[in-house]
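Using mature numbering (1 follows the signal peptide of the UniProt record, and there is no 0), the letters of the sequence shown map in sequence onto residues -32 to -1, 1 to 494.
Where a beta carbon is used, it is the ideal one built from N, C-alpha and C, also for glycine.
The model shown is predicted, which means the values in this text are computed figures rather than measured ones.
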Amino acid sequence: MLGRDVQQTQVVMLAFSFALLALLSPQSQVPAQPPDIPSFTISVDQPVYSGQPIWVRVVDGPRANIRYPFHAVVGDIGCNRLEVTFNGVLLKPLPIQRGPTTMIGPACGSSAPQGSPSDRLPLHILYQLTSPGIYSVRWTIGLSFPSRDGTASAKPEPHSDWVTFQVVETTPEQHEAWIKNLLADPPSDDGHLAGDFLPSLLAAAPDPRALSTFVKYLYSDNPMVSGMAASALEEFPQSQVLSAVATALEKQGPSEQLAYFATYHKGWTNEDQVKIVHATIPYLQPGNSAVPSGKQPPPYAPTRTSAAIKLLRFIFYVPNHAWPGNPELQSYVDTQVLQAAPNIMAKANMNAVQELAEYLGSMSSSPRAHELLLQIAERSDNAATQARICLTWHPQSEDLSHLAAVLIAPGDADSLGTDRSSLPYSLVKAYGDNALPYLERAVASSPYVWVRVASAQQLVLHNRPIGFQFLLDQLVQDPWSANRAYKPQLIRWVRDNFRTNLPPDASDDLVTSFLRSRVAELSQQK
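Set out below in C-alpha cells:
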C-alpha cells in the first residue's frame, strides 16, 4: 500500500493536472472543424495510468451504437480512426496483429457479441502510451466509400474535437492490484468478455497471468471471444505462447480456435509435434469430447471431436497450416482416423462428420477413405454435401453417375436445393466434359432452382446452348414470376462472365439480346 503522504501528493498532482487540462484548448492544436462536417463529443475514462487500459467514449454525436470489437482482432476498430498527439507530435499507431481466424465481413460492420459495450474504443491497444504526460486524441468515423469507378466519395467524415488527457505513471503496487482485481472477477457473458475484459487485459502483456488467461479463452464456444484471445496472443513472445498452447493441448485437448492457432504458427519442435498429435488422438472418439452429461451440442457446433479432426488435418494436409513432413506420424494418424470414423459417423454431431469428410477426402490413395466418403454422402445433411465435394477431389469414373444423381433426386428439406448447388461446378472441375450431359439433365428436370441455375451457368461457360436458353428463359419471364428474386443475380453473372461482349453497366435488355443472339448462333452451328 502507498504511504499517506505519497497518496496525498498524488491527489494534489492529479488535481493540478486536471486544472491544467481545463485550461488547455484543443482548438489551439488543430484548425477548427468546418461547420459543414458533422462533429461529435468524446471523453477519455479518468484517471489514466500507464500500463493500464485507456478507453475513449463517444458522449454525444451523429452516430450511436459503435460496437467494438468489429472482427475477431483486438486492434480492429472498424471504420474508425483514433489520432493521438504527445507534446504536439502526432504518434504513429501500432500495427494491427491479426490472428489466424480473422472474421470476414463488412469493413464497417460489427461482429460484437450481444451485450458488448457500445460507443467506446481501446486506445491502449492502438498506441503505446507508456510515457507519463499530456496527450490529445481525436476520433474520426469513416463513412466514405470508394465509388464503382474507384474514386473516393467526397462525403465529409464526422470527427470529434481534440480532447486532452494526462497519463500518470503507475506504481508497481497499483499495477499489481489492477491485474489481480481484473483477473479475480472476469465477466460471464460473451459481450463483456470480447468487448471489455480481453482487450483490457491486453494492457497487462507480457505478464504470464495474462498469457495463460488468453490461452484459456481459446476454448470459448463463442468465436468472437476465442478469436479475440487468439489475436491478443500475438502480442506475447512466440516461444512462451507455443509452450502455453502445447501445455493446454496436452491437458485439455483441442478446440476449434486452438486448431487454427497451433497450425498457423511455426516454430514447433519435433518433440512438441509428437506430443500434440498423441494428446489429440483420444479426442477422435465422441465419448471423449467433454460434452456435459445428458446434453448434445447443436449439429453445427464445434466439439472436441471436430476440433481434433480439424487440427490433425491441418497438421498433415493443409498447405498453409501443415507442419514439416513426418510420414511415419502421418501414417499413424491416418490409421487412427480410419478406425475412429465409424464411431464418429454414428455418434458425433454433423460438424464432426463434416470435418471427418474433409479429412477422408484429403487421403488420396485410401480405398477405405473412399468407401467411408460414399457412406457419408448418403446422409441428408451438410456432412453429405461436403462428402460429395470431397469425392470429386480425387475423381473416380464410377462415382460420376452416383454424384450426378443427387442433382435431380427429390426429397431435400431445402426446396431450393441450396446445399446441392455447389456440386455442378465440382463435377465439371473433376470430370470435365463428361459431366456436361448430367448437367443438361439437371437443367431440364431438377426440382431445385439453384441446382438448375448452377448447372446452366456451367453449361454456358462450356458454350452449351441449353445453358444459354435456360438463362434467357429466366430473364424474359413475367416480372412477377417466381424467379424475380434472383433475376438481378443472373444479370450480374452474365455481365461478369462476358465482359468482352457486354459493358459493365449493360442494361437488362442488352443482356437479354446477347443471350438470344448466342442461342441463335449455337443453333445454326448444329
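Report task. For Thr480, collect the residues of the same chain with a Cβ closer than 8 angstroms to its Cβ; drop the 5 residues on either side in sequence, then sort them by chain order. Result -> The count along the sequence shown starts at 1 and reaches residue 480 at position 512. Leu440, Leu443 and Val444, listed in sequence order.
Query - Helix, strand or coil at Ile283 [DSSP, three-state] - result: Residue 283 sits at position 315 when you count from the first residue of the sequence shown. Reduced to three states, the DSSP call for Ile283 is helix.
**Report entry** Among Ala373, Gly379 and Arg336, nearest to Ser348 - alpha-carbon criterion
**Finding:** In the sequence shown, the residue the question calls residue 348 occupies position 380. Taking only the C-alpha atoms, the option nearest Ser348 is Gly379.
Report task. Grab me the residues of Val321's own chain with a C-beta within less than 7 angstroms of its C-beta, minus the 5 sequence neighbours each way, in chain order. Result -> For the purposes of this step, residue 321 is taken as residue 353 along the sequence shown, with counting starting at 1. For Val321, where only same-chain residues beyond five positions count, the Cβ hits under 7 angstroms are Ile312, Met313, Ile344 and Ala351.
Query - C-alpha gap between Ile10 and Ser156, whole angstroms - result: For the purposes of this step, residue 10 is identified with residue 42 of the sequence shown, where counting begins at 1. For the purposes of this step, residue 156 is identified with residue 188 of the sequence shown, where counting begins at 1. For Ile10 and Ser156, the distance between alpha carbons rounds to 29 angstroms.
Query raised in the report: Looking at the C-beta of Gln225, does it have a partner C-beta in chain C at a distance below 8 angstroms?
Result: Included in the structure is just one protein chain, with no chain C present.
Report task. Kindly list the residues whose CB is nearer than 6 angstroms to the CB of Val209, restricted to its own chain and excluding five residues on each side of it in sequence; keep chain order. Result -> Along the sequence shown, read from residue 1 onward, the residue named residue 209 stands at position 241. Excluding residues within five positions, the ones whose Cβ falls inside 6 angstroms are Leu201.
**Report entry** Completely contained alpha helix (DSSP H) runs for the region 334 to 394, where each covers 4 or more residues
**Finding:** 335 to 345, 350 to 359 and 368 to 372
**Report entry** Residue environment, Tyr268, which counts as buried when at least 16 other CB atoms sit within 10 Å
**Finding:** Locating residue 268 in the sequence shown gives position 300, counting from the first residue. So Tyr268 ends up on the exposed side.
Query - Check whether Pro490 and Asn402 have beta carbons under 8 angstroms apart - result: The residue you call residue 490 lines up with position 522 of the sequence shown. The residue you call residue 402 lines up with position 434 of the sequence shown. It is Leu, not Pro, that sits at residue 490 in the sequence shown. Against a cut-off of 8 angstroms, the Cβ pair of Asn402 and Leu490 comes out as no contact.
Query raised in the report: Got a sec: does the ligand FMN put a non-hydrogen atom nearer than 7 angstroms to the Cβ of Lys278?
Result: Judged by which ligands are present, the structure shown has none, so any question about the ligand FMN falls away.
Query raised in the report: Closest by CA to Trp146, which one among Ser211, Asp164, Gln20 and Ser207?
Result: The residue labelled residue 146 in the question sits at position 178 within the sequence shown. Of the listed residues, the one whose Cα sits closest to Trp146 is Gln20.
Query raised in the report: Taking C-beta to C-beta, are Leu89 and Tyr17 nearer than 8 angstroms?
Result: Here residue 89 is taken as the residue at index 121 of the sequence shown, counted from 1. Here residue 17 is taken as the residue at index 49 of the sequence shown, counted from 1. Not in contact: Leu89 and Tyr17 (Cβ atoms no closer than 8 angstroms).
Query raised in the report: What is the residue span of the alpha helix (DSSP H) that Ser168 lies within?
Result: Mapped onto the sequence shown, residue 168 falls at position 200. Per DSSP, Ser168 belongs to the alpha helix (DSSP H) from Leu166 to Leu169.
**Report entry** Pick from Arg356, Ser299 and Pro250 that is closest to Met331, judged by C-alpha positions
**Finding:** For the purposes of this step, residue 331 is identified with residue 363 of the sequence shown, where counting begins at 1. Answer by Cα proximity: Ser299.
Requested in this report: Within 10 angstroms of the Cβ of Val26, are there 16 or more other Cβ atoms? Answer buried if so, exposed if not.
Outcome: By 1-based counting over the sequence shown, the position of residue 26 is 58. Buried, since its Cβ has 16 or more Cβ neighbours within 10 Å.
Query raised in the report: Taking C-alpha atoms, which residue in Val193, Asn48 and Ala197 lies nearest to Ala80?
Result: Indexing the sequence shown from 1 puts residue 80 at position 112. When only C-alpha atoms are compared, the closest one is Val193.
Query raised in the report: Pairing CB atoms from the region 272 to 285 with CB atoms from the region 241 to 256, are three or more of them under 8 angstroms?
Result: yes
Query raised in the report: Shortest alpha-carbon distance to His92 belongs to which of Asn465, Val396 and Ile22?
Result: Taking the sequence shown and counting its residues from 1, the one referred to as residue 92 is at position 124. Nearest C-alpha to His92: Ile22.
Query raised in the report: With burial defined as no fewer than 16 other Cβ atoms inside 10 Å of the residue's Cβ, what is the status of Ala410: buried or exposed?
Result: Mapped onto the sequence shown, residue 410 falls at position 442. Buried, since its Cβ has 16 or more Cβ neighbours within 10 Å.
Query - Continuous alpha helix (DSSP H) assignments of at least 4 residues falling wholly in the region 149 to 206 - result: 166 to 169, 176 to 184 and 191 to 200
Report task. With Glu408 as the anchor, note down where its beta strand (DSSP E) starts and where it stops. Result -> By 1-based counting over the sequence shown, the position of residue 408 is 440. Counting along the chain, Glu408 falls outside any beta strand (DSSP E), though it belongs to the alpha helix (DSSP H) covering Leu404 to Ser413.
Report task. Check whether the Cβ atoms of Leu217 and Ala230 sit closer than 8 angstroms, and answer yes or no. Result -> Counted from its first residue, the sequence shown places residue 217 at position 249. Counted from its first residue, the sequence shown places residue 230 at position 262. For Leu217 and Ala230, yes; Cβs fall inside 8 angstroms.
Report task. Counting only the same chain and skipping the five closest in sequence on each side, list residues whose C-beta sits under 8 angstroms from that of Gly101. Result -> Within the sequence shown, residue 101 is the residue found at index 133, counting from 1. Same-chain partners within the cutoff: Phe54, Asn55, Gln134 and Val135.
Query raised in the report: Which residue's Cα is closest to the Cα of Leu407: Leu375, Ser168, Asp382 and Lys397?
Result: Here residue 407 refers to the residue found at position 439 of the sequence shown. Taking only the C-alpha atoms, the option nearest Leu407 is Leu375.
**Report entry** Pair within 8 angstroms by beta-carbon distance, Leu395 and Thr360
**Finding:** Stepping through the sequence shown from its first residue, residue 395 is reached at position 427. Stepping through the sequence shown from its first residue, residue 360 is reached at position 392. Yes; because the gap between Cβ atoms is below 8 angstroms, this pair is in contact.
Requested in this report: With DSSP collapsed to three states, give me the class of Gly400.
Outcome: In the sequence shown, residue 400 corresponds to position 432, counting from 1. Three-state DSSP puts Gly400 in a helix.
Query - Glu125 (DSSP reduced to helix, strand or coil) - result: Here residue 125 refers to the residue found at position 157 of the sequence shown. Note: Glu125 maps to coil in three-state DSSP.
Query raised in the report: Mapping DSSP to helix, strand and coil, what is Arg88?
Result: Taking the first residue of the sequence shown as 1, we reach residue 88 at position 120. Of the three classes helix, strand and coil, the one that applies to Arg88 here is strand, per DSSP.
Report task. For Glu339, count neighbouring C-beta atoms within 10 Å of its own C-beta (all shown protein chains included) and say buried if the count is 16 or more, exposed if not. Result -> Taking the sequence shown and counting its residues from 1, the one referred to as residue 339 is at position 371. With fewer than 16 other Cβ atoms within 10 Å, it is exposed.
Report task. Measure the CB-CB distance between Leu427 and Asn465 and report whether it falls below 8 angstroms. Result -> Residue mapping note: residue 427 aligns to position 459 of the sequence shown, counting from 1. Residue mapping note: residue 465 aligns to position 497 of the sequence shown, counting from 1. Against a cut-off of 8 angstroms, the Cβ pair of Asn465 and Leu427 comes out as no contact.
Query - Residues that Trp107 bridges to, as DSSP identifies them - result: Position 139 of the sequence shown, counted from the first residue, corresponds to residue 107. Partner(s): Leu50.
Query raised in the report: Could you check where the beta strand (DSSP E) with Thr98 kicks off and where it finishes?
Result: Taking the first residue of the sequence shown as 1, we reach residue 98 at position 130. Note, Thr98: premise wrong, no beta strand (DSSP E); not H, not E.
**Report entry** Straight-line gap, Pro471 to Phe482 (C-alpha atoms, nearest Å)
**Finding:** Start at 1 with the first residue of the sequence shown, and residue 471 comes out as number 503. Start at 1 with the first residue of the sequence shown, and residue 482 comes out as number 514. About 11 angstroms.
**Report entry** 8 angstroms Cβ shell around Ser414 - same chain, five flanking residues per side excluded
**Finding:** In the sequence shown, residue 414 corresponds to position 446, counting from 1. Within the same chain, Ser414 has close Cβ partners Leu375, Ile376, Gly385, Arg420 and Ser423.
Query - Three-state class that DSSP yields for Ser423 in the structure shown - result: Within the sequence shown, residue 423 is the residue found at index 455, counting from 1. Of the three classes helix, strand and coil, the one that applies to Ser423 here is helix, per DSSP.
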